[in-house]
Each structure stands twice: as structure tokens, then as C-alpha cells.
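Going by this note's numbering, the letters in the sequence shown line up with residues 102 to 318, in that order.
Note that the Cβ used here is the ideal one computed from N, Cα and C, for glycine as well.
Because the structure is a prediction, the values reported are computed rather than measured.
The structure appears below as C-alpha cells.
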Amino acid sequence: METGQPYPYELLSDPAELARLGFWSPAVYHDFLALESGAMNEAEFKARYGTTAAIMCLDMTKFTKTAIERGEIFALLRILDVQKVVTPVLRKHQARHIRVFADDFTAIFDNPHAALDAAFEIHHRIRVFNASAQGHSESAECCIGIGYGEVLAIGIDQAMGDEMNRASKLGEDTADAGETLVTERVYNVIKDRSDCEVRRRMHEELPFPFYQVLYRQ
Numbered sequence: 102m103e104t105g106q107p108y109p110y111e112l113l114s115d116p117a118e119l120a121r122l123g124f125w126s127p128a129v130y131h132d133f134l135a136l137e138s139g140a141m142n143e144a145e146f147k148a149r150y151g152t153t154a155a156i157m158c159l160d161m162t163k164f165t166k167t168a169i170e171r172g173e174i175f176a177l178l179r180i181l182d183v184q185k186v187v188t189p190v191l192r193k194h195q196a197r198h199i200r201v202f203a204d205d206f207t208a209i210f211d212n213p214h215a216a217l218d219a220a221f222e223i224h225h226r227i228r229v230f231n232a233s234a235q236g237h238s239e240s241a242e243c244c245i246g247i248g249y250g251e252v253l254a255i256g257i258d259q260a261m262g263d264e265m266n267r268a269s270k271l272g273e274d275t276a277d278a279g280e281t282l283v284t285e286r287v288y289n290v291i292k293d294r295s296d297c298e299v300r301r302r303m304h305e306e307l308p309f310p311f312y313q314v315l316y317r318q
């Protein structure tokens with residue numbers, strides 16, 4: 102196909118119609134279209150939507166395996182267990198936005214210390230719950246990634262940008278059960294905490310440095 106030719110098919114460019122996808126609001130779509138056309142510049146867009154945030158991305162273990170072996174209702178009830186345990190912790194540590202989808206949590210905090218404190222308490226409460234009378238042999242554990250920095254307060258998570266991408270990669274794809282992994286920006290803030298042990302980690306598939314943070318009991 103010859104390049105540089107006009108696109109011959111419909112392009113949806115109505116902000117209200119695009120907003121029906123449930124991804125961005127009509128106002129955000131309007132401003133992205135303005136950015137694309139040159140009616141708004143990048144600095145103006147960032148001034149309107151930019152914010153500083155600590156982002157926690159939490160993934161639950163065993164969901165697919167449990168659904169296959171024990172059935173989807175049993176697996177969904179394990180998700181319910183985690184939601185009942187985790188949500189009070191996020192509220193206690195003043196997460197300003199919480200979003201749950203399937204077996205994932207995303208929570209937004211004002212600073213990395215609050216996010217890290219919440220992560221430590223989540224791992225502790227999950228262990229206690231799993232060992233309690235309400236727990237199960239197939240109970241889920243949590244894998245957590247935390248990022249920090251400038252993001253855009255748009256979308257379902259109210260945080261889009263590089264640190265969100267990194268936190269998501271750490272929490273959903275890299276961390277093992279019971280682990281908390283953080284980006285370099287988080288490390289620079291929390292590295293002097295006396296209650297933490299920090300270990301630099303490497304992963305051949307990740308093009309950025311990251312760290313495992315353990316709580317010193």
C-alpha cells in the first residue's frame with residue numbers, strides 16, 4: 102500500500118462518543134484532540150492535568166490456577182476475600198483513589214511513604230487472614246509495585262504516565278507473592294527509612310532499575 106495517502110475510513114473524533122468507551126472523560130478527549138491539532142500545546146495540557154502521586158499496583162496470585170482447578174465461583178470468592186482485607190488498609194493510609202478490576206488493585210497516594218506503609222500492612226494482614234479460620238489453602242497473596250512522580254490525573258486510575266507504567270509492570274508482571282517492588286524514584290524517597298531493607302533487583306526484560314523493599318520486623 103502506498104504511504105502518505107489520506108485515510109479512507111471513518112475516524113471517530115467526537116469527544117462525547119469517544120467518552121462512551123469509558124476510558125477518558127469528554128473533556129480529556131476534547132483536550133487530546135486539541136493537542137493533536139495544535140490548538141493546545143503539551144505544556145498547557147500538563148498544566149491542566151498534571152499531578153504528583155505515588156501509585157500502588159497490586160496483583161493477586163493464583164487466580165487463573167484456582168479458577169481452573171476449583172471453579173470460577175471459588176476463585177471469585179477469593180478475590181472478594183482480598184478486597185475485604187485490602188480496602189480497609191488503603192483507606193487507613195489515605196489512598197485518594199482506589200480502583201479494582203478483576204484481581205488487580207490500583208491505589209493513588211500523596212507520597213511514597215504512605216504507599217509503602219500500606220503495602221507492608223497489606224502483606225501482613227493477608228498472611229494473618231490466610232492463617233485464620235476464614236482463610237483457605239488456595240487463598241491469594243499479593244504482589245505489589247509502587248511508582249512515584251509526575252503523572253496525568255486522567256483515566257480510570259487518575260494516574261497515567263511513566264511511573265504508572267513502571268509500577269504496573271512491577272506489580273503485575275515482576276513481583277512474586279508477598280513482595281513489594283519500587284521504582285528508582287520511590288527508592289530515592291524511602292532509602293533512608295530505618296524500618297526498611299532495600300535490595301536492588303535486576304530483570305532482563307525490564308529496561309529500568311527497581312528495588313525490593315522488605316519490612317524490618
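Quick one: what's got a C-beta closer than 8 Å to S114's C-beta in the same chain, skipping five residues either side?
-> Answer for S114: L134, listed in chain order.
DSSP state of E242, grouped into three classes?
-> In the three-state reduction of the DSSP assignment, E242 falls in the coil class, being assigned neither a helical nor a strand state.
Taking S238 as the reference, which of H225, A196, D263, F164 has the closest Cα?
-> Residue F164 is the option with its Cα nearest to S238.
Using the Cα positions of A117 and T153, report the straight-line distance between them to the nearest angstrom.
-> In a straight line, the C-alpha of A117 is about 28 Å away from that of T153.
E137 - DSSP class collapsed to helix/strand/coil | In this structure, E137 counts as helix in the three-state DSSP scheme.
Just curious, the alpha helix (DSSP H) that H224 is in, first and last residue?
-> Annotation: the continuous alpha helix (DSSP H) that includes H224 extends over 213-232.
Inter-stretch contact (C-beta, 8 Å, three-pair minimum) for the region 217-226 and the region 171-181 = By the criterion of at least three beta-carbon pairs nearer than 8 Å, the region 217-226 is not in contact with the region 171-181.
Please classify M265: does DSSP put it in a helix, a strand, or coil?
-> DSSP places M265 in the helix class (H, G or I) of the three-state scheme.
Local conformation of H131 per DSSP, three classes | Reduced to three states, the DSSP call for H131 is helix.
Segment contact, 8 Å Cβ cut-off, at least three pairs: the region 276-284 with the region 300-317 | A contact is defined here as three or more CB-CB pairs under 8 Å, and the region 276-284 meets this definition with respect to the region 300-317.
Quick one: what's got a C-beta closer than 6 Å to E285's C-beta in the same chain, skipping five residues either side?
-> So the qualifying residues of the chain are P310.
Quick one: any contact between the region 203-222 and the region 160-176, if contact means 3 or more CB pairs under 8 Å?
-> Segments in contact, yes.
Mind checking who M157 pairs with in its DSSP beta bridge?
-> According to the DSSP secondary-structure assignment, M157 is paired through a beta bridge with A208, I247.
For E298, write down the residues that DSSP places opposite it in a beta bridge.
-> E298 pairs with L315.
What residue does the beta strand (DSSP E) around L119 start on, and which one ends it?
-> In the DSSP assignment, L119 falls outside any beta strand (DSSP E) and within the unbroken alpha helix (DSSP H) covering 116-120.
On the three-state DSSP scale, how would you describe L253?
-> Of the three classes helix, strand and coil, the one that applies to L253 here is strand, per DSSP.
How about the region 240-249 and the region 138-156: do they share at least three Cβ pairs that are nearer than 8 Å?
-> Proximity of the region 240-249 to the region 138-156 meets the contact definition, three or more beta-carbon pairs being nearer than 8 Å.
Would you please state the rounded distance, in angstroms, between the beta carbons of V186 and F230? I believe it to be under 8 Å.
-> Indeed they touch by this definition, with Cβ atoms about 5 Å apart.
Within 10 angstroms of the Cβ of E170, are there 16 or more other Cβ atoms? Answer buried if so, exposed if not.
-> By the 10 Å Cβ count, E170 comes out exposed.
Span separating the alpha-carbon of S126 from that of P213 = One C-alpha to the other measures close to 27 Å.
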